[in-house]
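Chains as they are written, first to last, in this note's numbering: chain A, 1 to 430; chain B, 431 to 789.
Glycine residues also receive a C-beta, built at the ideal position from the N, C-alpha and C atoms.
Worksheet: the structure to be examined is printed underneath.
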Amino acid sequence: MAAPLTLLLIVAVTIRAALFRSTFAYWIAERVEVVSPLTAWKRVVEGLALLDLGVSPYAGDVFHETPLIIYLFHFLVDYAEITFILADIIVAVAFYYVVKDYNKQVFRKQKFALEADRYPADCHELVRTPKEMYYIPLKAALFYLLNPFSVLSCVAKSTCCLNNAVVSLFILATVKGNMLLSAIFLALATYQSLYPLTLCVGALLYLMQRQFIPVNAYRLSFWWFVAQYAFMYLGSLLVMVALSFFLLGSWDFLPSVYGFILSVPDLTPNVGLFWYFFAEMFEHFRLFFLCVFQINVFVYTVPLAIKLKEHPVFLIFMQLAIISIFKSYPTVGDIALYMAFLPVWILRNVFLVSCVLLMCSALFPVLWHLWINAGSANANFYFAITLVFNIAQMLLVSDYFYAFLRREHHLVHGLYPKKKDGSEATLVLK
Amino acid sequence: SIGLAMNSAEQFFNSGHTNNWAILACTSRFWFNYRHVANTLSVYRSVKRLGIPDSQIVLMLADDMACNHRNPKPATVFSHKNMELNVYGDDVEVDYRGYEVSVENFLRVLTGRLPPSTPRSKRLLSDDRSNILIYLTGHGGNGFLKFQDFEEISNIELADAFEQMWQKRRYNELLFIIDTCQGASMYERLYSPNIMALASSQIGEDSLSHQPDLAIGVHLMDRYTFYMLEFLEDIHPASKTNMNDLFKVCPKSQCVSTPGRRTDLFQRDPGSVLITDFFGSVRKVEITVETINLTDSESGELQNESRSYVDQLPVSEIIHQKPKQKDWHPPDGFILGLWTLILLVFFKTYGMKHLKHIL
Numbered sequence: 001m002a003a004p005l006t007l008l009l010i011v012a013v014t015i016r017a018a019l020f021r022s023t024f025a026y027w028i029a030e031r032v033e034v035v036s037p038l039t040a041w042k043r044v045v046e047g048l049a050l051l052d053l054g055v056s057p058y059a060g061d062v063f064h065e066t067p068l069i070i071y072l073f074h075f076l077v078d079y080a081e082i083t084f085i086l087a088d089i090i091v092a093v094a095f096y097y098v099v100k101d102y103n104k105q106v107f108r109k110q111k112f113a114l115e116a117d118r119y120p121a122d123c124h125e126l127v128r129t130p131k132e133m134y135y136i137p138l139k140a141a142l143f144y145l146l147n148p149f150s151v152l153s154c155v156a157k158s159t160c161c162l163n164n165a166v167v168s169l170f171i172l173a174t175v176k177g178n179m180l181l182s183a184i185f186l187a188l189a190t191y192q193s194l195y196p197l198t199l200c201v202g203a204l205l206y207l208m209q210r211q212f213i214p215v216n217a218y219r220l221s222f223w224w225f226v227a228q229y230a231f232m233y234l235g236s237l238l239v240m241v242a243l244s245f246f247l248l249g250s251w252d253f254l255p256s257v258y259g260f261i262l263s264v265p266d267l268t269p270n271v272g273l274f275w276y277f278f279a280e281m282f283e284h285f286r287l288f289f290l291c292v293f294q295i296n297v298f299v300y301t302v303p304l305a306i307k308l309k310e311h312p313v314f315l316i317f318m319q320l321a322i323i324s325i326f327k328s329y330p331t332v333g334d335i336a337l338y339m340a341f342l343p344v345w346i347l348r349n350v351f352l353v354s355c356v357l358l359m360c361s362a363l364f365p366v367l368w369h370l371w372i373n374a375g376s377a378n379a380n381f382y383f384a385i386t387l388v389f390n391i392a393q394m395l396l397v398s399d400y401f402y403a404f405l406r407r408e409h410h411l412v413h414g415l416y417p418k419k420k421d422g423s424e425a426t427l428v429l430k
Numbered sequence: 431s432i433g434l435a436m437n438s439a440e441q442f443f444n445s446g447h448t449n450n451w452a453i454l455a456c457t458s459r460f461w462f463n464y465r466h467v468a469n470t471l472s473v474y475r476s477v478k479r480l481g482i483p484d485s486q487i488v489l490m491l492a493d494d495m496a497c498n499h500r501n502p503k504p505a506t507v508f509s510h511k512n513m514e515l516n517v518y519g520d521d522v523e524v525d526y527r528g529y530e531v532s533v534e535n536f537l538r539v540l541t542g543r544l545p546p547s548t549p550r551s552k553r554l555l556s557d558d559r560s561n562i563l564i565y566l567t568g569h570g571g572n573g574f575l576k577f578q579d580f581e582e583i584s585n586i587e588l589a590d591a592f593e594q595m596w597q598k599r600r601y602n603e604l605l606f607i608i609d610t611c612q613g614a615s616m617y618e619r620l621y622s623p624n625i626m627a628l629a630s631s632q633i634g635e636d637s638l639s640h641q642p643d644l645a646i647g648v649h650l651m652d653r654y655t656f657y658m659l660e661f662l663e664d665i666h667p668a669s670k671t672n673m674n675d676l677f678k679v680c681p682k683s684q685c686v687s688t689p690g691r692r693t694d695l696f697q698r699d700p701g702s703v704l705i706t707d708f709f710g711s712v713r714k715v716e717i718t719v720e721t722i723n724l725t726d727s728e729s730g731e732l733q734n735e736s737r738s739y740v741d742q743l744p745v746s747e748i749i750h751q752k753p754k755q756k757d758w759h760p761p762d763g764f765i766l767g768l769w770t771l772i773l774l775v776f777f778k779t780y781g782m783k784h785l786k787h788i789l
């Protein structure tokens, strides 16, 4: 599989390099769907320039990146394009290995289940064979690299690519079973943008199952594992925050980065849902709705964990999708990250969802132009298309979830369930 | 002799001011406020006729009456009935026009706090030896003057602006004339020295317009400015008419409103203040055959500063200041700490057996 992967990487690098050299690069870097106030390259350059002038980059509302990004780009600002292409390559290769390893786990489980004869008789078409799953890792890498969203995000030099790289490395470390690296990369991902914190549940579940520790709240080994992981995670997070303090000698990155993510002061339109609501919110209720919206990202963790405790990798995928949809400043780069996992499991309404997503993506620049440049539309038009886009994503995610659950259900209860009197029953999602 | 020459040289500089400026602002727009533009243009005409050059007049007209589509006589603005006097001649230079006439711009002109890109014609480049005439007309009320139909300037803002001018030494003496309803309220709050103020009406009174012209269809002038224009038409650059005569312009019988004035902040007696001290730009020229040495030094070497034009503006301090280009570097401790940690994690993950291959 090395050869097709290499070919894919070459093609992806060529596309990105070609777009970097074209005239689109400047236009793409300005699009609000691709860059957000947190990830814009323009702001990184501005922050570095401020630093050269002797001013803290966090003075003023321009720069919202973490100090480690300052350190990275202080040396790499001339090679930024290569850095971002490399980040995309890291994501693709990491996903390749993740999916390969995950497939191995799936086959092992299936083998045990088949040997133990736990599948009902009519389920054989649902069982995965290595033959059909052979190209899935390549497909996952392909879905990420050739996804127009990730290409746009890379060409815009949005630091979302770097965040994606860290998250993908975290998933790779988790799937490979390495607790320390998983904790470190999760701490790095949380340090970059707060939301990957919810991925810790999936990681914990996966690592525990891999080490055959029973996921039982009454067992000491469970708590000991959780304590170990939490210690490693918190330790690395603390180390990173301390290092960031020593880089600039001040704590003002904390309100600028985390305060900014949590309190959403910048209401530039983007593909998310926050800006429109908060633009028209009364000051009186702002804190309340801020809490509601932020909790919305985190609240699905526990129910999903309870439902999906046998399938932690799928849980991680679901969490990624929820973070990408509900975070405070989403961009299409975040969407590209979870879309890379789509070929791994099955989906029901492919045509509908893909059509809606395509149409929305095409309409975004159109309605933006109508609103801002031509002046004949207003914010409602753009928000409408944002809303439709997010609904399409939610439809995608919930359909995916439903398909997954249904497949699991069929694997347990048989493909053609029969009612008590022997006639055919239909499955209804309650 | 030299002593006499020096004496006359001192007298030369004794009148107090060396240059004259005028800021004439009409603050209302729309065709039916024709008279305000005509007011301002008549004062402009007098001031220019008496010698103040266009470079020292800041003329602000909020609307264009001469080329307004409702003007039956385009390119003219008349101040007398029967079109006797066209105050919009060939050489009217309007510095702030249309929506540029705003409270912000007016205050910026007064205080001099304009962006560096503002051209000279839009600036009040006065110094501490300038006598400034400020003429405002438009619609006003008790304590405010309306600009452009959507904003207003209050008498307190105006008083503060004049105080800023005083503190920055932007005037020697100031004559403030306002022709609006309840105009006296605008000079009520002034507190800076050397200001004399005239208004067309007291608080509670309306300033009335003079006469409509049936051909043009609007009132052409306001009464106070109309009579002031008639008074100024008799002034020529050498006349010795003083302020007391200006105070007598437009009594209640003619103006219906009572003109007001404020002279308590002014240090000289109004009777000794010539009209041309404010309305004209009179240069005293005395021919002398004596040579007067103005420099002290015997070397006589003129300071040969090749100062460019831009060096004399306040912006020169900004553009000549180059920030010291110190490149920022991350602290060494940070780099050390970061890479030590990365190495530690690497070896922890991949085992210490690799270490012996390196060491």
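For Arg406/A, the enclosing alpha helix (DSSP H) stretches over residues Ala379 to His413. Contact annotation for Phe764/B against chain A: Tyr71, Leu243, Phe246 and Leu247 [CB-CB distance below 8 Å, chain order]. Looking at the DSSP output, Tyr526/B bridges to Met490/B. Cβ contact annotation for His74/A (same chain, cutoff 7 Å, sequence separation greater than five): Leu48, in chain order.
The way I'd put it, the segment 129-147 of chain A does touch the segment 328-348 of chain A; three or more beta-carbon pairs between them come closer than 8 Å. For the pair Asn373/A and Val35/A, the Cα-to-Cα distance works out to about 19 Å. The DSSP assignment places complete alpha helix (DSSP H) segments of no fewer than 4 residues inside the segment 441-490 of chain B at 464-479, in order along the chain.
Inter-residue distance for Asp78/A and Glu30/A is about 20 Å (C-alpha atoms, whole angstroms). Annotation: the segment 195-272 of chain A contains the following complete segments of the alpha helix (DSSP H) (minimum length 4 residues), in chain order: 199-210, 220-248 and 260-263.
The three-state reading of DSSP puts Arg692/B in strand, counting E and B together. Look at the beta carbons and you see the segment 156-164 of chain A not touching the segment 343-358 of chain A: under three pairs across the two are nearer than 8 Å. The continuous stretches of beta strand (DSSP E) do not include Met318/A, which lies in the alpha helix (DSSP H) extending over residues Pro312 to Phe326.
Think of a sphere of 8 Å around the beta carbon of Val239/A: the chain B residues whose beta carbon falls inside it are Leu771, in chain order.
Val775/B belongs to the set of residues whose beta carbon lies under 9 Å from a beta carbon in chain A. For Tyr134/A, the closest C-alpha among the options Leu188/A, Leu172/A, Leu290/A and Val344/A is that of Val344/A.
Looking at Val775/B, Ala668/B, Ile722/B and Asn723/B, the one whose alpha-carbon comes closest to that of Val712/B is Ala668/B.
Every unbroken stretch of the alpha helix (DSSP H) spanning 4 or more residues and falling wholly within the segment 611-674 of chain B is given here in chain order: 653-663. Shown in chain order are the members of the segment 29-58 of chain A whose Cβ falls below 7 Å from a Cβ of chain B: Leu51, Asp52, Leu53 and Gly54. Shown here, Leu575/B sits in a strand according to DSSP, grouped into three states. Measuring C-alpha to C-alpha distances from Phe298/A to each of His311/A, Ser328/A and Arg286/A identifies Ser328/A as the nearest. By the C-beta density criterion, Asp525/B is buried, having at least 16 other C-beta atoms within 10 angstroms.
Here the segment 307-315 of chain A does not lie against the segment 239-250 of chain A, with fewer than 3 beta-carbon pairs under 8 Å apart. Among the CB atoms of chain A, one or more fall inside 9 Å of the CB of Gly767/B. Rounded to whole angstroms, the gap between the alpha carbons of Phe225/A and Phe317/A is 23 Å.
Inter-segment contact for the segment 106-118 of chain A and the segment 193-207 of chain A is absent: fewer than three beta-carbon pairs are separated by less than 8 Å.
Taking 9 Å as the CB threshold, Leu186/A stays off the interface with chain B. Between the segment 12-19 of chain A and the segment 167-178 of chain A, the count of C-beta pairs closer than 8 Å stays below three; the two stretches do not touch.
According to the DSSP secondary-structure assignment, Glu582/B is paired through a beta bridge with Lys576/B.
For Tyr102/A, the enclosing alpha helix (DSSP H) covers residues Ala80 to Glu115.
A distance below 9 Å separates the beta carbons of Met626/B and Val703/B. In the three-state reduction of the DSSP assignment, Gly60/A falls in the coil class. In the DSSP assignment, the residues bridged to Leu704/B are Asn672/B.
Only exposed fits Leu773/B, as fewer than 16 other CB atoms lie within 10 angstroms of its CB.
For the C-beta of Lys503/B, not a single chain A residue is nearer than 9 Å; the gap to the nearest is close to 38 Å.
Of Cys355/A, Ala321/A and Leu347/A, the smallest CA-CA separation from Ile335/A is found for Ala321/A.
In this structure, Cys685/B sits near Arg653/B, with a CB-CB distance shorter than 9 Å.
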